[in-house]
Amino acid sequence: EDKVVQSPLSLVVHEGDTVTLNCSYEVTNFRSLLWYKQEKKAPTFLFMLTSSGIEKKSGRLSSILDKKELFSILNITATQTGDSAIYLCAPSNFGNEKLTFGTGTRLTIIP
Amino acid sequence: NAGVTQTPKFRVLKTGQSMTLLCAQDMNHEYMYWYRQDPGMGLRLIHYSVGEGTTAKGEVPDGYNVSRLKKQNFLLGLESAAPSQTSVYFCASSIDLTSYLSYNEQFFGPGTRLTVL
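Going line by line, the protein sequences match chains F and H. Numbering-wise, my numbering puts 162 at position 85 of the first sequence, and it's gapless, one number per residue. Numbering-wise, my numbering puts 69 at position 64 of the second sequence, and it's gapless, one number per residue.
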């Protein structure tokens with residue numbers, strides 16, 4: 078059975094801090110890992126990672142994948158209150174139409 | 006493009022009542038999914054469909070049925086609602102997760118908040 082564990086479950090930091098969110102996974106025939114941000118409503122796509130060691134960046138957010146150690150991290154620098162959300166990771170596998178979602182990390186940014 | 010839409014946005018049911026949630030997408034996606042999200046549980050897959058006329062069970066299918074009569078629509082039915090089905094329901098769609106060259110991002114609808122009393 079595929080497993081996804083995200084840590085920490087919850088994180089509260091001050092505006093301007095840098096945070097690192099973790100996602101470890103065990104899936105058969107791993108294909109890619111996706112990160113989503115969920116504010117009040119639907120999850121919105123952030124990154125898709127397929128190769129180890131190649132950082133993906135979007136503004137203050139960046140993410141990297143380690144396929145040997147089976148984990149990914151999501152970094153957010155110079156956090157803002159708009160970064161407050163639940164961050165979900167979801168690995169996918171070849172030959173499987175589904176994503177397996179972790180329980181998410183709830184990030185709260187204090188002004 | 007409207008993307009993925011869901012109706013209704015909110016609903017309150019009494020135990021034993023039935024209802025159907027509708028998901029529609031205008032992106033010509035092949036695959037569609039129904040998830041439920043409960044506090045501390047993340048997104049759990051209820052049922053999914055890999056094409057018109059097909060459906061398959063996900064992680065938590067009991068108490069739900071689905072139909073995909075048209076490619077753009079995916080219906081989720083509750084035949085006899087129970088309080089344990091109180092949740093937020095999300096529909097999602099994607100192109101083709103099994104194609105190596107295909108981008109397998111799932112696009113989500115805004116959700117339906119269902120309360121069963």
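Ideal Cβ positions, reconstructed from N, Cα and C, are used throughout, including at glycine. None of the values given here were measured: they were computed from a predicted structure.
Can you have a look at H/R41 and say buried or exposed, based on whether 16 or more other CB atoms are within 10 angstroms of its CB?
buried
Spatial distance of H/D43 from H/R118 (CA atoms):
11 Å
Quick check on H/G47: buried or exposed, where buried means 16 or more other Cβ atoms within 10 Å of its Cβ?
H/G47 counts as buried, since no fewer than 16 other beta carbons sit within 10 angstroms of its beta carbon.
Test: H/G114 CB closer than 9 Å to a CB of chain F:
yes
Just checking, does the stretch 78 to 86 of chain F make contact with the stretch 100 to 114 of chain F on the three C-beta pairs under 8 Å criterion?
yes
Here's the rule I'm using: 16 or more other beta-carbon atoms within 10 Å means buried, otherwise exposed. How should H/L102 be labelled?
Unreliable placement is indicated for H/L102, whose pLDDT of 49 sits below 50; no coordinate value is reported for it.
With distances taken from CA atoms, which of F/I187, F/K144, F/T154, F/L123 is nearest F/T97?
Closest by C-alpha distance to F/T97, out of F/I187, F/K144, F/T154, F/L123, is F/T154.
State whether the stretch 76 to 83 of chain H contacts the stretch 24 to 41 of chain H, with contact taken as three or more CB pairs (one from each stretch) at a distance under 8 Å.
yes
Assuming H/S99 contacts H/F112 (C-beta within less than 8 Å), just tell me the rounded distance between them.
H/S99 to H/F112, Cβ: 7 Å. Contact.
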